[in-house]
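Undergrad:
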Amino acid sequence: MDSGFLRVLLEPGRFFQERMRGEPGLKIPALIALVIGIIGAVSAAISANALTEGLPPDMQVFGLAGGAFAVASGIIGGLITWVAFGIVFYIISMVFMGDGDFKRTLEFTGYGLIPQVFGGIIGAIFSYQIVSNLSVPIISRPEDIAVLVESVTTGMLSDPLTPISGIVGILFLIWSANIWIFGMKYARNLSTRNAVLTVGIPVGLYILVNLVTLIG
Amino acid sequence: MKPLYIAIISIFCIVAALTGPAGAASADVTVVSSTLDPQVLMKGDTGTLTIVIQNTGSETVSIKSARLYGNGVVPLSEPYLAVGDLGAGNSKTFTFTVRADGGEGTFYPQFVLDFRNEGNLRYPVPVQVENTPLSVSVVERPDAFSESRTADITVRVGNPRPNAASGVQVIPLGTGFTVTPTSGFIGTLASDASGTVTFNLTPTAEMDVTFQVVWRNGINTHTTDLVLPVVFGEDKRQADPIITNVEVKSEFGRYRVIGDISNAGLESARSVIIAPGAPATPTDPFRVYVVGTLDPDDISSFEVTFAADRNVTEVPIVVEYRDDDGNRYTSTTMIGLGSGAGVSVASAAPAENSSGEFPIVGAIVAVLVALGVAGAIYYSWRRA
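As they're listed, the protein sequences go chains A and B.
If you count by my numbering, then the first sequence holds residues 1 to 216, one letter each, in order.
If you count by my numbering, then the second sequence holds residues 1 to 384, one letter each, in order.
1) For residue 249 of chain B, is the classification buried or exposed, using 16 other Cβ atoms within 10 angstroms of its Cβ as the cut-off for buried?
2) Nearest to residue 174 of chain A by alpha carbon, out of B:382, B:384, B:376?
3) Between the region 196 to 206 of chain B and the region 141 to 153 of chain B, do at least 3 Cβ pairs fall closer than 8 angstroms?
4) I need the boundaries of the beta strand (DSSP E) containing residue 236 of chain B, first residue and last residue.
5) Helix, strand or coil for residue 320 of chain B per DSSP?
6) Compare the C-beta of residue 362 of chain B with all C-beta atoms of chain A and state if any pair is closer than 9 angstroms.
7) Check whether the Cβ of residue 434 of chain B lies closer than 9 angstroms to any Cβ atom in chain A.
8) Can you pull out the residues from the region 166 to 192 of chain A whose beta carbon lies closer than 8 angstroms to at least one beta carbon of chain B?
9) Check the DSSP bridge columns for residue 244 of chain B and list the partner residues they point to.
10) For residue 129 of chain A, decide whether its Cβ has a neighbour in chain B, counting only Cβ atoms nearer than 9 angstroms.
11) Could you give the DSSP three-state label for residue 276 of chain B: helix, strand or coil?
12) Please classify residue 39 of chain B: does DSSP put it in a helix, a strand, or coil?
13) Spatial neighbours of residue 349 of chain B within its chain, please: CB distance less than 6 angstroms, with the 5 preceding and 5 following residues excluded, ordered by chain position.
14) Per DSSP, what kind of secondary structure is residue 20 of chain A in: helix, strand or coil?
15) Since residue 202 of chain A and residue 106 of chain A are thought to touch, with beta carbons under 8 angstroms apart, how far apart are those beta carbons, to the nearest angstrom?
16) Distance cutoff 9 angstroms, beta carbons only. Does residue 14 of chain A sit that close to anything in chain B?
17) Under 8 angstroms Cβ-Cβ, which residues of chain A neighbour residue 307 of chain B?
18) State the DSSP-derived secondary structure class of residue 59 of chain A, mapped to helix, strand or coil.
19) Here's the rule: buried if 16 or more other CB atoms are within 10 angstroms of the residue's CB, otherwise exposed. What is residue 311 of chain B?
20) Using a Cβ cut-off of 9 angstroms (strictly closer), state whether residue 315 of chain B contacts chain A.
21) Closer than 7 angstroms by C-beta to residue 331 of chain B: which residues in its own chain qualify, once you throw out the five before and the five after it? Chain order, please.
22) Sorted by chain position, which residues of the same chain lie with C-beta nearer than 7 angstroms to residue 32 of chain B's C-beta, five sequence neighbours on each side aside?
23) Closer than 7 angstroms by beta-carbon distance: list the chain C residues that pair up with residue 161 of chain A, in chain order.
24) Quick check: what's the CA-CA separation for residue 29 of chain B versus residue 188 of chain B?
25) At a CB-CB cut-off below 7 angstroms, which residues of chain B make contact with residue 126 of chain A?
26) Look up residue 347 of chain B in the DSSP assignment and say whether it is helix, strand or coil.
27) Mind reading off the beta-carbon distance from residue 48 of chain B to residue 97 of chain B? Whole number of angstroms is fine, and I expect it under 8 angstroms.
28) Going along chain A in order, which residues have a C-beta closer than 7 angstroms to the C-beta of residue 366 of chain B?
29) For residue 300 of chain B and residue 306 of chain B, I'd like the C-alpha separation in whole angstroms.
30) Hey, residue 221 of chain A and residue 172 of chain A: beta-carbon distance below 9 angstroms or not?
31) Just to check my reading of the structure: residue 279 of chain A and residue 71 of chain A have Cβ atoms closer than 8 angstroms, yes? What is that Cβ distance to the nearest angstrom?
32) Rounded to whole angstroms, what's the CA-CA distance from residue 23 of chain A to residue 189 of chain A? Just pull it up for me.
33) For a contact defined as C-beta to C-beta under 7 angstroms, what are the partners of residue 301 of chain B on chain A?
34) Could you check if residue 27 of chain A is buried or exposed, using at least 16 other CB atoms within 10 Å of its CB as the buried criterion?
35) Where does the unbroken alpha helix (DSSP H) through residue 114 of chain A begin, and where does it stop?
36) Note down, in chain order, all residues in the region 7 to 36 of chain A with a beta-carbon under 9 angstroms from any beta-carbon belonging to chain B.
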């Protein structure tokens with residue numbers, strides 16, 4: 001278990017304990033967030049392509065523009081997710097008298113995103129499968145684009161693979177949360193109980209919202 | 001007067017006294033009947049004229065010859081040059097072959113009997129010549145002909161002539177069609193009678209069909225033609241498949257067209273098959289859709305799937321069907337794939353999952369992920 005990434009996944013306590021000896025570095029966590037963003041962009045591109053299928057040839061420029069926006073959002077979204085979780089963890093840990101700089105919190109939050117790489121890849125495969133099964137109505141008027149989006153969304157949500165994809169995403173998030181617990185324990189010098197609460201509260205809420213959305 | 005002269009005069013008187021009754025006997029020979037076969041000739045026809053004479057007197061009459069003279073109706077056979085004696089109360093028949101060389105009307109060729117002793121008998125025989133042919137008309141035919149579609153055509157032949165026509169038959173002539181039967185026999189048609197023949201005609205191209213009526217007037221063969229133009233057109237009763245209620249959906253690289261097809265015609269459309277035409281490329285699962293028989297006013301839904309380039313705005317949906325005779329027809333409806341013209345595209349409807357089945361592979365992946373995550377978490381806490 002000397003390999004870095006594998007240690008993060010299977011022995012996060014020992015990994016972060018050793019990382020505390022050195023200076024905090026954000027390059028690798030940023031790279032992880034970027035990879036997650038790229039994978040998310042692929043999923044977004046697949047969904048955008050499904051929407052474009054429903055547009056007539058003279059309106060497909062809108063679909064391409066929407067696709068480009070979705071890809072850009074996916075890439076930036078990875079970085080935003082990283083920073084957002086880091087900020088939330090830092091703030092909540094302040095309640096538990098956490099001690100440690102933000103950079104270290106951000107670094108360990110980034111390492112905790114590694115399971116999301118696998119989750120993103122599996123999610124992209126599921127997205128492709130869902131979109132492949134989709135029947136997209138073709139519209140002829142620009143004002144029908146909103147209806148088309150709604151129709152595609154409804155179609156994707158009605159696919160039985162969608163809740164399974166959501167559950168898989170939640171499982172990988174739980175795995176990340178487990179890593180973040182160890183990360184916050186060392187980054188913010190928290191007790192195990194406080195680290196669980198620091199991570200468990202926002203992640204739990206996030207999972208709850210996802211489950212409510214999946215159940216409908 | 002010398003005795004020789006007296007003897008000559010006496011012999012003359014005796015001869016005159018003996019031959020005197022013979023002149024009276026020739027007046028008793030009469031024509032009792034004359035018949036012509038056929039009864040009425042047409043110009044150019046050859047007929048047989050039969051004349052019967054009878055000696056109604058009480059003495060034998062010696063006949064030298066019997067001849068027929070005439071203009072318009074001319075004798076073709078030789079005269080009777082040595083007839084001989086005709087006993088009292090006996091009759092004799094003379095037959096002449098005649099030909100109508102003139103125009104229409106009633107002609108009177110002269111029948112002349114030359115008696116051996118004195119005088120002759122002239123008898124004008126009436127012969128009617130009329131050129132009116134048999135009439136032929138089509139009494140039943142389809143509203144329009146179609147290529148390779150069998151049509152029933154009924155031909156009626158009437159006889160407006162004053163005499164019967166024999167051996168009447170109708171023969172369709174021409175190319176570019178098949179016909180059953182190849183000819184129709186009617187037989188003898190009495191005056192003012194008519195007969196019909198029905199043909200099953202299957203045209204393979206536009207052309208003219210000649211219905212030739214062949215008939216005989218006596219021994220003379222005549223023909224009358226009726227030309228029927230066969231021009232392809234739209235049958236007012238034929239099946240008329242109409243595509244409506246079309247929805248076009250895009251499915252990740254292919255299109256799915258769902259719609260209704262109804263038969264707005266008056267005849268059934270059989271073996272109805274629906275398929276996308278070029279530039280579309282049919283794809284599974286619905287390369288073609290078999291509707292089967294579509295009766296008049298029937299409606300059926302259909303579904304076809306195909307692939308098409310992005311720049312294609314319209315694709316044809318080809319409906320192929322057959323009539324009761326197995327003849328194949330096609331009709332094409334253009335379907336818009338976007339803002340193009342044609343049948344209106346679908347308004348936004350909920351997208352459908354093509355399989356609708358539980359994704360077993362996905363569930364297995366989820367279970368494996370759950371086990372893996374649980375194992376990783378358990379391991380991480382054990383090693384903490």
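Beta carbons: idealized from backbone N, C-alpha and C, even for Gly.
What you are looking at is a predicted structure, and each value in this text was computed from that prediction instead of being measured.
TA: According to the structure data:
1) Along the second sequence, read from residue 1 onward, the residue named residue 249 of chain B stands at position 249. Its Cβ being crowded by 16 or more others within 10 Å, residue 249 of chain B is buried.
2) Sequence index remark: in the first sequence, residue 174 of chain A carries index 174 (1-based). Taking only the C-alpha atoms, the option nearest residue 174 of chain A is B:376.
3) yes
4) On the second sequence, residue 236 of chain B is found 236 positions in, with the first residue counted as 1. No beta strand (DSSP E) holds residue 236 of chain B; DSSP gives it neither H nor E.
5) Translated into positions along the second sequence, residue 320 of chain B becomes position 320. Correct three-state label for residue 320 of chain B: strand.
6) Here residue 362 of chain B refers to the residue found at position 362 when the second sequence is read from its first residue. Output row for residue 362 of chain B: interface = yes.
7) In the structure as shown, chain B starts at 1 and stops at 384, and residue 434 of chain B therefore has no counterpart that could be examined.
8) 167, 168, 171, 172, 174, 175, 178, 179, 182
9) Translated into positions along the second sequence, residue 244 of chain B becomes position 244. BP columns for residue 244 of chain B point to B:260.
10) Here residue 129 of chain A refers to the residue found at position 129 when the first sequence is read from its first residue. At least one chain B Cβ lies under 9 angstroms of residue 129 of chain A.
11) Counting from 1 along the second sequence, the entry for residue 276 of chain B is found at position 276. Note: residue 276 of chain B maps to strand in three-state DSSP.
12) Residue 39 of chain B sits at position 39 when you count from the first residue of the second sequence. Residue 39 of chain B falls in the coil class under three-state DSSP.
13) Position 349 of the second sequence, counting from 1, holds the residue named residue 349 of chain B. Confidence at residue 349 of chain B is low in this model, with a pLDDT of 36, below 50, so the placement of that residue is unreliable and no value is reported for it.
14) Locating residue 20 of chain A in the first sequence gives position 20, where the first residue counts as 1. Note: residue 20 of chain A maps to coil in three-state DSSP.
15) Position 202 of the first sequence holds residue 202 of chain A. Position 106 of the first sequence holds residue 106 of chain A. About 15 angstroms; that fails the 8 angstroms criterion.
16) Along the first sequence, read from residue 1 onward, the residue named residue 14 of chain A stands at position 14. Yes, residue 14 of chain A lies at the interface with chain B (some Cβ there is under 9 angstroms from its Cβ).
17) Numbered from its first residue, the second sequence carries residue 307 of chain B at position 307. Going along chain A, no residue has its Cβ under 8 angstroms from residue 307 of chain B, so there is no contact; the nearest lies around 12 angstroms.
18) The residue you call residue 59 of chain A lines up with position 59 of the first sequence. Reduced to three states, the DSSP call for residue 59 of chain A is helix.
19) Locating residue 311 of chain B in the second sequence gives position 311, counting from the first residue. Residue 311 of chain B is exposed by the Cβ-count criterion.
20) Here residue 315 of chain B corresponds to residue number 315 of the second sequence, with the count starting at 1. No, residue 315 of chain B lies away from the interface with chain A (no Cβ there is under 9 angstroms from its Cβ).
21) Translated into positions along the second sequence, residue 331 of chain B becomes position 331. If we look at residue 331 of chain B and ignore the five residues flanking it on each side, its Cβ neighbours are 241, 319.
22) To locate residue 32 of chain B, count along the second sequence from 1; it is residue 32. The answer, listed in chain order, is 52, 53, 54, 91.
23) No chain C is present in this structure, whose protein chains are A and B.
24) In the second sequence, residue 29 of chain B corresponds to position 29, counting from 1. In the second sequence, residue 188 of chain B corresponds to position 188, counting from 1. Their Cα atoms are separated by approximately 38 angstroms.
25) As a working mapping, residue 126 of chain A is identified with position 126 in the first sequence. By Cβ distance, chain B contributes 362.
26) The sequence position of residue 347 of chain B within the second sequence is 347, counting from 1. Caution is warranted here: a pLDDT of 34 is assigned to residue 347 of chain B, below 50, making its placement in the model unreliable, and the coordinate value is therefore given only provisionally. Residue 347 of chain B: coil per DSSP, three-state reduction.
27) The sequence position of residue 48 of chain B within the second sequence is 48, counting from 1. The sequence position of residue 97 of chain B within the second sequence is 97, counting from 1. The Cβ separation is near 6 angstroms, so the contact holds.
28) By one-based count along the second sequence, residue 366 of chain B stands at place 366. Going along chain A in sequence order, the residues near residue 366 of chain B (Cβ under 7 angstroms) are 164, 167, 168.
29) Taking the second sequence and counting its residues from 1, the one referred to as residue 300 of chain B is at position 300. Taking the second sequence and counting its residues from 1, the one referred to as residue 306 of chain B is at position 306. The straight-line gap from Cα to Cα measures roughly 20 angstroms.
30) The question about residue 221 of chain A has no answer here: the residues shown for chain A are numbered 1 through 216.
31) Residue 279 of chain A lies beyond the stretch modelled for chain A, which goes from 1 to 216, so this question has no answer here.
32) The sequence position of residue 23 of chain A within the first sequence is 23, counting from 1. The sequence position of residue 189 of chain A within the first sequence is 189, counting from 1. Straight-line Cα distance between these residues: approximately 16 angstroms.
33) Stepping through the second sequence from its first residue, residue 301 of chain B is reached at position 301. Correct list: empty, because the minimum Cβ distance to chain A is about 15 angstroms.
34) As a first step, residue 27 of chain A must be located in the first sequence, where it is residue number 27. Exposed, by the Cβ-count rule.
35) Within the first sequence, residue 114 of chain A is the residue found at index 114, counting from 1. Run containing residue 114 of chain A: 114 to 132, per the alpha helix (DSSP H) assignment.
36) 9, 10, 11, 12, 13, 14
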